[in-house]
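Chemist:
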Amino acid sequence: MPAVPSILGFGAIAIDDIVYVDQPLSAGKGKVLQSARAFGGNVATALAAVARLGGTAGFVGWLGSAADDAVLCDLVASGVETAFAPRHPHARPVRSRITVGSDGERFIAYDDEAMLGTAPDFPDEVLSSATVLIIDSYAIRSLDVVARARDLGLAILGDIEWSAGPATERLIALCDHLILPLGFAQTATGCRSPAEMLDALWLPSRSAVVLTDGGRGVYYRGRDEAGLWHLPPHRVAVVDSTGAGDCFHGAYAHALARGADTAGRVAFAAAAAALSITGRGGREALPTDAQVTELLASANAPSAVGLKYARHETGT
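Under our numbering, the residue at position 113 of the sequence shown is numbered 116, and the numbers go up by one with no gaps.
1. Compute the Euclidean distance between the alpha carbons of Asn-303 and Gly-309, then round it to the nearest angstrom.
2. Any idea what DSSP makes of Ser-306, helix, strand or coil?
3. Spell out a yes or no on whether the stretch 253 to 262 and the stretch 236 to 245 are touching, meaning 3 or more CB-CB pairs, one atom from each, closer than 8 angstroms.
4. Residues in its own chain within less than 7 angstroms of Tyr-141 by CB, not counting five upstream and five downstream?
5. Excluding the five sequence neighbours on either side, which residues of its own chain have a C-beta within less than 7 angstroms of the C-beta of Asp-147, listed in chain order?
6. Who are the near neighbours of Ser-131 in its chain, counting only those whose CB is closer than 6 angstroms to its CB and skipping five residues on each side?
7. For Ile-143 and Ala-176, which I take to be in contact (beta-carbon distance under 8 angstroms), what is that distance rounded to the nearest angstrom?
8. When you compare the CB positions of Asp-249 and Ala-49, do they come within less than 7 angstroms of one another, or not?
9. Would you tell me roughly how many angstroms separate the C-alpha atoms of Leu-298 and Gln-26, rounded to the nearest one?
10. Ala-47 and Ala-54 look like a contact to me (Cβ under 8 angstroms); what is the Cβ gap, rounded to whole Å?
11. Can Val-129 and Ala-88 be called in contact, C-beta distance under 7 angstroms?
12. On a CA-only basis, which of Ser-306, Ala-17, Leu-160, Val-22 is nearest Arg-95? Give me that one, please.
13. For Glu-116, is the classification buried or exposed, using 16 other Cβ atoms within 10 angstroms of its Cβ as the cut-off for buried?
14. May I ask you to verify whether the stretch 207 to 225 touches the stretch 178 to 185, counting CB pairs closer than 8 angstroms and requiring at least 3?
15. Looking only at DSSP bridge pairs, what is Ala-158 linked to?
16. Of all the beta strand (DSSP E) runs that stay within the bounds of the stretch 182 to 246, which reach a length of 3 or more residues?
17. Kindly indicate which three-state DSSP category Asp-71 falls into: helix, strand or coil?
18. What are the residues that DSSP puts in a beta bridge with Gln-37?
19. Would you mind working out which of Gly-218, Ala-275, Ala-41, Ala-229 sits nearest Asp-106, comparing C-alpha positions?
20. With burial defined as no fewer than 16 other Cβ atoms inside 10 Å of the residue's Cβ, what is the status of Ala-69: buried or exposed?
21. Helix, strand or coil for Leu-299? Go by DSSP, reduced to three states.
22. Compare the beta carbon distance of Leu-157 and Leu-136 with 7 angstroms and say whether it is the shorter of the two.
23. Within a Cβ cutoff of 7 angstroms, which residues of the same chain sit near Leu-204, ignoring the five residues on either side of it in sequence?
24. Tell me which same chain residues have a C-beta within less than 6 angstroms of the C-beta of Asn-45, skipping the five on either side of it?
25. For Pro-126, which option in Ser-99, Val-149, Ala-30 has the closest C-alpha, if you only look at C-alpha atoms?
26. Using DSSP bridges, identify the partner residues of His-1.
27. Per DSSP, what are the beta-bridge partners of Gly-43 in this structure?
28. Can you name the residues that DSSP bridges to Ala-60?
29. Quick one: is Glu-172 buried, meaning 16 or more other Cβ sit within 10 Å of its Cβ, or exposed?
30. So, with DSSP's three-state summary, where would you put Glu-316?
31. Please report the Cβ distance between Leu-296 and Ala-288, rounded to the nearest whole angstrom; I am assuming they are in contact, meaning their Cβ atoms lie under 8 angstroms.
32. With burial defined as no fewer than 16 other Cβ atoms inside 10 Å of the residue's Cβ, what is the status of Val-103: buried or exposed?
33. Whose C-beta lies closer than 8 angstroms to the C-beta of His-315 among residues of the same chain, with five residues either side of it excluded?
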């Protein structure tokens, strides 16, 4: 067997049918410019981002048992280890249909009637050899595995976008690195400002809470520094925002595995995500470590500023 990668993950893996149109989504209709099929999924794309950045990544969720399974072959081609993933003949990917407007915004329609999560008896010896476990909302189907990984000392990086009630609340409590879209954080907490959301989501067991907000940047709080922070966005030419959040999670995990502090992890992840939206689909523009480093060193790279309660409302 190969060595266990430093960063493991299980969750959504998808095949996306993408349509690009000549109008923003708000126009209601538009002419098709291009159609494409691509591989995606929150965790799968995050792990592909890790591999592209030079880290070691392994998918450990359910995969089909056929050697020529399409998603299996794509993960391997993306540099993601699959040797430790449980196999089942009925495993299949999430199927998504994505419409991308001329402004780079997108609407995703998905069918997630699939085997998600991982095997309930996933071995401790594999988990204990890794450093980070990336999970998404579907990890509610494997809560015991997440809890075992946390007990074994892995950093649990949670990409949570929707709630299934108490199971999701337990999952969120297990995440010591909680990275949420700001819209879901607002729904989950009932708070209006990012500062209030960060406070509401904080637990003594957390290492960091991060809220991503697209073109408004990133808000975060970390155990290793005082205060609440806002990192404004990088200014790049937006082509397609599909997979930007997934790239953020992968880059954050990569920086975490390399020992970066909270500010360093967020800055690295934000730069990687910015570069990812300059190409089409969720994987086309996944950046290398050198590209992220170059963007961070550019004269126009944003700097984090202290977050004040009264000044940073969500605008909703």
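Using N, Cα and C, we set each Cβ at its ideal position, and we do this for glycine too.
Modeler: Taking the geometry as given:
1. Rounded to the nearest angstrom, the two C-alpha atoms are 19 angstroms apart.
2. coil
3. no
4. Gly-14, Ala-15, Leu-119, Gly-120
5. Pro-123
6. Here the set comprises Leu-155.
7. That belief does not hold up - the Cβ atoms of Ile-143 and Ala-176 are roughly 12 angstroms apart, past 8 angstroms.
8. yes
9. 29 angstroms
10. Going by Cβ atoms, the distance from Ala-47 to Ala-54 rounds to 11 angstroms, so no, they are not a contact pair.
11. no
12. Ala-17
13. exposed
14. Put simply, the stretch 207 to 225 touches the stretch 178 to 185. At least three CB pairs are less than 8 angstroms apart.
15. Val-135
16. The stretch 182 to 246 contains these whole beta strand (DSSP E) runs: 211 to 215, 221 to 225, 232 to 234.
17. coil
18. Tyr-23
19. Gly-218
20. Exposed, by the Cβ-count rule.
21. Helix, per DSSP.
22. yes
23. Leu-181, Ala-188, Thr-192, Val-212
24. Gly-14, Ala-15, Asp-139, Asp-162, Asp-249
25. When Ser-99, Val-149, Ala-30 are compared, the shortest CA-CA separation from Pro-126 is found for Val-149.
26. There is no way to answer for residue 1, as the model of the chain reaches only from 4 to 319.
27. Ala-17
28. Ala-60 is bridged by DSSP to Ile-10.
29. Exposed: under 16 other Cβ atoms inside 10 Å.
30. Any answer about Glu-316 is weak, because its pLDDT of 47 lies below 50 and its placement is not dependable; what the coordinates show is given next. Glu-316 falls in the coil class under three-state DSSP.
31. One detail in the question is off: residue 296 reads as Thr in this sequence, not Leu. No, Thr-296 and Ala-288 are not in contact; Cβ-Cβ is about 16 angstroms, not under 8 angstroms.
32. buried
33. Because His-315 sits at a pLDDT of 42, beneath the cut-off of 50, its placement in the model cannot be relied upon, and the following sentence gives the value as read from the coordinates. These residues qualify, in order along the chain: Ser-196, Pro-197, Ala-198, Tyr-222, His-233.
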